[in-house]
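> Residue numbers (our numbering), protein chains in the order written: chain Y, 255 to 483; chain D, 255 to 483.
Backbone N, C-alpha and C define an ideal beta-carbon position, used for all residues, glycine too.
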DNA sequence: ATTATAATTTAGGCAAATCTAAAAATTTGT
DNA sequence: ACAAATTTTTAGATTTGCCTAAATTATAAT
């Protein structure tokens, strides 16, 4: 068993690398490329190599030169701890401090590095143990466990499918503000009425109101299909 | 007027130095000594000198070699901003997350460096604009204004004086736990019954209950004298 | 299969924030 | 007032985390 010896010894930067490697590792199942990390973190590949070596020393990642990198069990647990904190803080900001969902990310990026088990567990309790963050992403529990919700991209479902909007794939402020402007929010009932062959845009009915959205938009919205359809 | 150009460009370490210089500057009205800063921050005088030069470059402190250091108007405003954040977070931890008053300091030391005006102003609102933190220290408002509450050390008041316990001078966990163990808390009515000549210890009546406390304890408790006594 | 291209790593350097050891300035004691 | 003690600063080194430029390895193309 791991005793998280280094849990409180990690620097901010190390934590950010672990988080990034976790996110990139989700997509493909294979090793994460140095360049991919560098691009996402807006840093240089050489800096990434430096850091990977340090993380490797600490047994947070598996690393062989030129072969990419992957999280160890300890690294994975660490990542889930950071993501838990990030998402709980996001819920706090929206629920308790009236932030909008496009404002939370930046502040949560700072708050996720605060080190105190008691703090985060108390926050969890204050928020009544939420299962999802404001963008519909699942919040790991204190042991790092979480289940991906059963959901599909709106762009992937057939005509006449309806469901509840439960999440966004792109959670950039730009996209979220666009959704606000167009009255699209989590919890809305969405039904696909028609798909335009020409450009893939969709005619949808959202909470009774008809509108047209581009394929790009649809491919960034998750819905949970209604039962029995 | 200052436009706080550097407000969001300050490092954690710089902020900690500014805070320390502020606290040391309160006591005596004169310049703060390098050694005093080093001792309080548990660092070496040479490190302090280095940092002071950097702070001086940024116009946060007045500095002349060998002459000690003092905050500029900008430095003072910066310090008050950090203290505001620290104390608001302490209130949050106690009021919303059920921390005890001896547990808040460590976590608040981390939270005080989070950079977001919206965050701290919303927090202020959530907490209903508290005027004092859990140790009875005043919380600066968003412009840095605050008034020291009218209060006296219990050790300084004459026999038969009574008042409400409104603060502690030493807010170390050790002292606070001692107070908890002995049932002394902010809000208690305290009256000085007798002062022992030999060692300066005090017989007091606290919320109706009689007890004896040492001079050291009394010199770390603030009371607000009852009106009309 | 060999070359061209792309990805990754190494080498060497820089800034922040710290340290130790030594030098310089100030303060104190008599 | 002058030597001794104390305080403060300088000089030079270290660690983290980043950079650029050059070298190395892997991958893709013909």
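Do residue 456 of chain D and residue 446 of chain D have their C-beta atoms within less than 8 Å of each other?
As a first step, residue 456 of chain D must be located in the second chain, where it is residue number 202. As a first step, residue 446 of chain D must be located in the second chain, where it is residue number 192. Yes, Cβ-Cβ distance for residue 456 of chain D and residue 446 of chain D is below 8 Å.
> Within 8 Å of any Cβ in chain Y, is that where the Cβ of residue 255 of chain D sits?
By 1-based counting over the second chain, the position of residue 255 of chain D is 1. At residue 255 of chain D, the pLDDT of 44 sits below 50, so the modelled position is not reliable; the number obtained from the coordinates is stated separately. Residue 255 of chain D does not count as touching chain Y.
> What residue range does the beta strand (DSSP E) around residue 319 of chain Y cover?
By one-based count along the first chain, residue 319 of chain Y stands at place 65. From DSSP, residue 319 of chain Y is part of no beta strand (DSSP E); its letter is neither H nor E.
> Can you tell me which of the three DSSP states residue 416 of chain D falls into?
One-based indexing of the second chain puts residue 416 of chain D at position 162. Three-state DSSP puts residue 416 of chain D in a strand.
> Would residue 267 of chain D count as contacting chain Y if we go by Cβ distances under 8 Å?
Looking up residue 267 of chain D in the second chain gives position 13. No, because no Cβ of chain Y sits closer than 8 Å to the Cβ of residue 267 of chain D.
> Do residue 292 of chain D and residue 278 of chain D count as a contact pair if the criterion is CB distance below 8 Å?
On the second chain, residue 278 of chain D is found 24 positions in, with the first residue counted as 1. On the second chain, residue 292 of chain D is found 38 positions in, with the first residue counted as 1. No, these two residues do not count as a Cβ contact at 8 Å.
> Taking Cβ to Cβ, would you say residue 268 of chain D is nearer than 8 Å to residue 367 of chain D?
Position 14 of the second chain, counting from 1, holds the residue named residue 268 of chain D. Position 113 of the second chain, counting from 1, holds the residue named residue 367 of chain D. Not closer than 8 Å, so no.
> Give a yes or no on whether the minimum CB-CB distance between residue 309 of chain Y and chain D is below 8 Å.
Position 55 of the first chain holds residue 309 of chain Y. Taking Cβ atoms only, chain D never reaches closer than 8 Å to residue 309 of chain Y, which makes this a no.
> Taking residue 329 of chain D and residue 314 of chain D to be in contact with their CB atoms under 8 Å, please state how far apart those CB atoms are, rounded to whole angstroms.
The residue labelled residue 329 of chain D in the question sits at position 75 within the second chain. The residue labelled residue 314 of chain D in the question sits at position 60 within the second chain. Yes, they are in contact, since the Cβ atoms of residue 329 of chain D and residue 314 of chain D sit about 4 Å apart, within 8 Å.
> Given 8 Å as the limit, is there contact between the region 342–351 of chain Y and the region 316–329 of chain Y, that is, 3 or more CB pairs closer than that?
These segments do not touch.
> What are the boundary residues of the beta strand (DSSP E) that residue 449 of chain Y is part of?
In the first chain, the residue the question calls residue 449 of chain Y occupies position 195. Note, residue 449 of chain Y: beta strand (DSSP E), 443–449.
> Answer yes if the region 379–392 of chain Y comes into contact with the region 414–422 of chain Y, meaning at least three C-beta pairs across the two stretches below 8 Å, and no otherwise.
Short answer: they touch.
> Which ranges does the beta strand (DSSP E) cover as unbroken runs of at least 3 residues, wholly within the region 367–428 of chain Y, from first to last along the chain?
Within the region 367–428 of chain Y, the complete beta strand (DSSP E) runs of at least 3 residues are 416–422.
> Please report the distance separating the alpha-carbon of residue 373 of chain D from that of residue 361 of chain Y.
As a first step, residue 373 of chain D must be located in the second chain, where it is residue number 119. As a first step, residue 361 of chain Y must be located in the first chain, where it is residue number 107. Going by the C-alpha atoms only, they are around 8 Å apart.
> Output, in sequence order along the chain, the residues in the region 453–483 of chain Y whose CB is closer than 8 Å to any CB in chain D.
Cβ contacts with chain D: none found.
> Only counting the same chain, and skipping five residues up and downstream in sequence, which positions put a Cβ closer than 6 Å to that of residue 306 of chain D?
In the second chain, the residue the question calls residue 306 of chain D occupies position 52. Excluding residues within five positions, the ones whose Cβ falls inside 6 Å are 317 and 323.
> According to DSSP, simplified to helix, strand and coil, what is residue 294 of chain D?
As a first step, residue 294 of chain D is located in the second chain; it is residue number 40 there, counting from the start. Correct three-state label for residue 294 of chain D: helix.
> Taking the alpha-carbon positions, what's the residue 404 of chain D to residue 478 of chain D distance?
In the second chain, the residue the question calls residue 404 of chain D occupies position 150. In the second chain, the residue the question calls residue 478 of chain D occupies position 224. Their backbone Cα atoms lie some 7 Å apart in a straight line.
> Mind pulling the chain Y residues with CB within less than 7 Å of residue 336 of chain D?
Position 82 of the second chain, counted from the start, is the residue given in the question as residue 336 of chain D. By Cβ distance, chain Y contributes nothing, its closest Cβ being about 15 Å from residue 336 of chain D, past 7 Å.
> Of all the options D:439, D:347, D:397 and D:468, which has the alpha carbon lying nearest to the alpha carbon of residue 451 of chain D?
Residue 451 of chain D sits at position 197 when you count from the first residue of the second chain. Closest by alpha carbon: D:468.
> Out of curiosity, what's the CA-to-CA distance linking residue 287 of chain Y and residue 465 of chain Y?
As a first step, residue 287 of chain Y is located in the first chain; it is residue number 33 there, counting from the start. As a first step, residue 465 of chain Y is located in the first chain; it is residue number 211 there, counting from the start. Each residue's Cα considered, the two are about 40 Å apart.
> Between the C-alpha atoms of residue 400 of chain D and residue 382 of chain Y, what's the straight-line distance to the nearest angstrom?
Numbered from its first residue, the second chain carries residue 400 of chain D at position 146. Numbered from its first residue, the first chain carries residue 382 of chain Y at position 128. Spanning the two alpha carbons is a distance of roughly 35 Å.
> Between the Cα of residue 339 of chain Y and those of Y:308, Y:397 and Y:409, spot the shortest distance and give me the residue it belongs to.
Walking along the first chain from the start, residue 339 of chain Y turns up at place 85. It is Y:397 whose Cα lies nearest to the Cα of residue 339 of chain Y.
> Is the beta carbon of residue 475 of chain D closer than 8 Å to that of residue 408 of chain D?
Locating residue 408 of chain D in the second chain gives position 154, counting from the first residue. Locating residue 475 of chain D in the second chain gives position 221, counting from the first residue. It is a contact, given that the beta carbons lie within the stated cut-off.
> Can you have a look at residue 263 of chain Y and say buried or exposed, based on whether 16 or more other CB atoms are within 10 angstroms of its CB?
For the purposes of this step, residue 263 of chain Y is identified with residue 9 of the first chain, where counting begins at 1. The residue in question, residue 263 of chain Y, is exposed, as its Cβ has fewer than 16 Cβ neighbours within 10 Å.
> Assign residue 442 of chain D to buried or exposed, taking buried as 16 or more other Cβ atoms, counted over all protein chains shown, within 10 Å of its Cβ.
Here residue 442 of chain D is taken as the residue at index 188 of the second chain, counted from 1. The residue is buried, with at least 16 neighbouring Cβ atoms inside 10 Å.
> Tell me which residues share the same chain as residue 448 of chain D and place their Cβ nearer than 8 Å to its Cβ, disregarding the 5 neighbours each side in the sequence.
The sequence position of residue 448 of chain D within the second chain is 194, counting from 1. Counting only Cβ-Cβ distances below 8 Å, and skipping sequence neighbours, we find 413, 456 and 457.
> Residue 281 of chain D and residue 364 of chain Y look like a contact to me (Cβ under 8 Å); what is the Cβ gap, rounded to whole Å?
As a position in the second chain, residue 281 of chain D is number 27, starting the count at 1. As a position in the first chain, residue 364 of chain Y is number 110, starting the count at 1. With a Cβ gap of about 32 Å, residue 281 of chain D and residue 364 of chain Y do not count as contacting.
> Looking at the secondary structure, which residues open and close the alpha helix (DSSP H) in which residue 327 of chain D lies?
Here residue 327 of chain D refers to the residue found at position 73 of the second chain. Segment 327–349, the alpha helix (DSSP H) holding residue 327 of chain D.
> What's the gap between the Cα of residue 273 of chain D and the Cα of residue 303 of chain D?
Position 19 of the second chain, counted from the first residue, corresponds to residue 273 of chain D. Position 49 of the second chain, counted from the first residue, corresponds to residue 303 of chain D. Rounded to the nearest angstrom, the two C-alpha atoms are 16 Å apart.
> Which whole-angstrom value is the C-beta distance of residue 427 of chain Y and residue 433 of chain Y, which I expect to be below 8 Å?
Counting from 1 along the first chain, the entry for residue 427 of chain Y is found at position 173. Counting from 1 along the first chain, the entry for residue 433 of chain Y is found at position 179. That belief does not hold up - the Cβ atoms of residue 427 of chain Y and residue 433 of chain Y are roughly 11 Å apart, past 8 Å.
> Do you know whose CA, among D:454, D:424 and D:415, lies nearest residue 460 of chain D's CA?
Here the question's residue 460 of chain D lines up with position 206 in the second chain. Ranking D:454, D:424 and D:415 by Cα distance to residue 460 of chain D puts D:415 first.
> In chain Y, which residues lie with their C-beta within 7 Å of the C-beta of residue 485 of chain D?
No answer is possible for residue 485 of chain D: it lies beyond the span of chain D, which begins at 255 and ends at 483.
> At which residues does the alpha helix (DSSP H) containing residue 362 of chain D begin and terminate?
In the second chain, residue 362 of chain D corresponds to position 108, counting from 1. Start and end: 358–365.
> Considering only DSSP beta bridges, list what residue 459 of chain Y is partnered with.
For this step, residue 459 of chain Y is matched to residue 205 along the first chain. Answer is Y:445 and Y:464.
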